[in-house]
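Undergrad: For the sequence shown, the UniProt record's numbering begins at 1 and goes up steadily by one.
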Amino acid sequence: MEELTRVGAYAAILMSDLPDIGVDRYNIPNEVLSTVSGGLVTKYARSVSGANIRCMRFMLTILGSKPAPEVANFSSKGPDPINPGIVRPDIIAPGIDVLAAVAPKKPFTELGKYKLVTDYALYSGKSMAEPHVAGVAALLKAVHPSWSPAAIKSAIMTTVYTQSNNGSTLIDQLTHLPATPRCYGAGHVNPTKAIDPGLIYDMDQQDYIDFLCGLGYNDAKMKAVLRQSQCNCSKGRTDLNYPSFVAIFSNQATSNFH
């Protein structure tokens, strides 16, 4: 794309099977096709003369499109590398083409010799999803001042949804197949329902200490994490009072989950 921009190309059609090659960073119109679709387009262009031209019209935001939402191809996936008994990710939230503020009066992009500035731009990424969840947590704290961080997290995780607006399971954009809890965790955040979750899974510091003890952390690791020289590991365990968990079954061992 950099070379196409340098030589003055007006547009580009690229072929790639990679989930995200970052073409949104460039300032010429472009389209990314899979190698299969790209091969069909190439074959058509070489074999047909005087082909009919079709015009692509750019439209404003379309509401109610189905299926939605979907799990973004760049979304972090599980399992947890340290303890596969905990579901990862916890939840998912809006993170594609989010309208965000940018640094004012500074060049945002270039178009030829012109440097363009803007107050707002569309961004995608986990850094766009995280503020949504942080905002929900702040609102829950305002409604329930006595709730701990663990209680707020529990309320968010137990009130999610895992179906799109057409009633089907959320789709993973990376595979185009129905997503699993390793893609969306508990599900997609639902701020309104989180206000009144019903059951709360709460935890305090000792619960986390017991969990780290159960993972086999030595004194040096515990001190590095907890910032304290001594801790009580008398009740070490690997099952947290967490809003979600993974049951790992084996023919050779038996585990109890509480």
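A virtual CB, placed ideally from N, CA and C, is assigned to each residue, including glycine.
Mind checking residue 268: buried by the 16 CB within 10 Å criterion, or exposed?
TA: With the chain represented from 1 up to 258, any question about residue 268 goes unanswered, as that position is not in the structure.
Undergrad: With 16 other CB atoms within 10 Å as the buried threshold, where does Met128 fall?
TA: For the purposes of this step, residue 128 is taken as residue 128 along the sequence shown, with counting starting at 1. Result: buried.
Undergrad: Which parts of the region 37-99 are runs of the alpha helix (DSSP H), unbroken and 4 residues or longer, counting only runs that do not cross its ends?
TA: Within the region 37-99, no complete alpha helix (DSSP H) run reaches 4 residues.
Undergrad: What number of angstroms, rounded off, separates the C-alpha of Gln206 from the C-alpha of Ile200?
TA: Looking up residue 206 in the sequence shown gives position 206. Looking up residue 200 in the sequence shown gives position 200. Near 18 Å, if we compare the C-alpha coordinates of Ile200 and Gln206.
Undergrad: Got a sec? Which residues, its chain only, sit under 6 Å from Glu31 by beta carbon, not counting five neighbours each side?
TA: Taking the first residue of the sequence shown as 1, we reach residue 31 at position 31. Only Ile13 meet the Cβ criterion.
Undergrad: Could you have a look at Leu4 and say whether DSSP puts it in helix, strand or coil?
TA: What you label residue 4 is simply residue 4 of the sequence shown in a count that begins at 1. Three-state result, Leu4: helix.
Undergrad: Distance, Cα to Cα, Pro84 vs Arg182?
TA: On the sequence shown, position 84 is the one that residue 84 refers to. On the sequence shown, position 182 is the one that residue 182 refers to. Those two C-alpha atoms are separated by around 10 Å.
Undergrad: Looking at the secondary structure, which residues open and close the beta strand (DSSP E) in which Tyr217 lies?
TA: Walking along the sequence shown from the start, residue 217 turns up at place 217. Here Tyr217 belongs to no beta strand (DSSP E), and DSSP marks it neither H nor E.
Undergrad: So, is Met157 buried or exposed, given that buried needs 16 or more other C-beta atoms within 10 angstroms?
TA: Your numbering for residue 157 matches position 157 in the sequence shown. Under this definition Met157 is a buried residue.
Undergrad: Opposite Gln163 in the DSSP bridges: which residues?
TA: Here residue 163 is taken as the residue at index 163 of the sequence shown, counted from 1. BP columns for Gln163 point to Thr169.
Undergrad: The alpha helix (DSSP H) that contains Met128, what's its start and end?
TA: In the sequence shown, counting from the first residue as 1, residue 128 sits at position 128. From DSSP, the alpha helix (DSSP H) with Met128 extends over 126-143.
Undergrad: Please report the distance separating the alpha-carbon of Ala224 from that of Glu2.
TA: Taking the sequence shown and counting its residues from 1, one reaches residue 224 at position 224. Taking the sequence shown and counting its residues from 1, one reaches residue 2 at position 2. Taking the straight line joining both Cα atoms gives about 45 Å.
Undergrad: If we count the other Cβ atoms within 10 Å of its Cβ and call it buried at 16 or more, is Tyr184 buried or exposed?
TA: Position 184 of the sequence shown, counted from the first residue, corresponds to residue 184. With 16 or more other Cβ atoms within 10 Å, it is buried.
Undergrad: Using alpha carbons as the reference points, say which of Gly198, Lys193, Ala186, Gly236 lies closest to Phe245.
TA: For the purposes of this step, residue 245 is taken as residue 245 along the sequence shown, with counting starting at 1. The residue with the shortest Cα to Cα distance from Phe245 is Ala186.
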